[in-house]
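In the numbering used here, the protein residues as written are 179 to 305.
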Amino acid sequence: MNLALWIAAGLLAAVALAGGVTKTFVPKERLAAANGGGWTADASVRFVKTLGVLEILAAIGLILPAVLDIAPVLVPVTALCWVLLMVGAMITHLRYHEATFIVLNLLYLAVAAFVAWGRLGPEPFGG
């Protein structure tokens, strides 16, 4: 179970890092032209970049606290925050009629919920 939780957290961290770096450093116009990025055309540059930075922080929060054994409870807390972020992403993609991305966000939500449940319940880092 511990290994499965590490793998799930690592995959989520990779997704968060990729999305965060893209939103933070790729110009908004290029994001808007990309498949699934149409919502960025209606969002401010500041909002998109802020979301990117939050995703980078999520990638860090899913791995680093446990690796360094400094406040490892931040891993499930970050996973719960990722669940909320994915709810917002699904609502946004629903508004833009992008069903494929809704399913993808639902998958990420499920993985994040698994990490949160696993680390708060059966496989906490402490103990």
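All residues carry an ideal CB built from backbone N, CA and C; glycine is no exception.
- G266 counts as exposed, since fewer than 16 other beta carbons sit within 10 angstroms of its beta carbon.
- Taking the Cα positions, I185 is about 31 Å away from A210.
- For M179, the secondary structure class from DSSP, reduced to helix, strand or coil, is coil.
- Distances from the CA of V293 to each of T270, V253, R273 and G198 were compared; the closest alpha carbon is that of V253.
- By the C-beta density criterion, M179 is exposed, having fewer than 16 other C-beta atoms within 10 angstroms.
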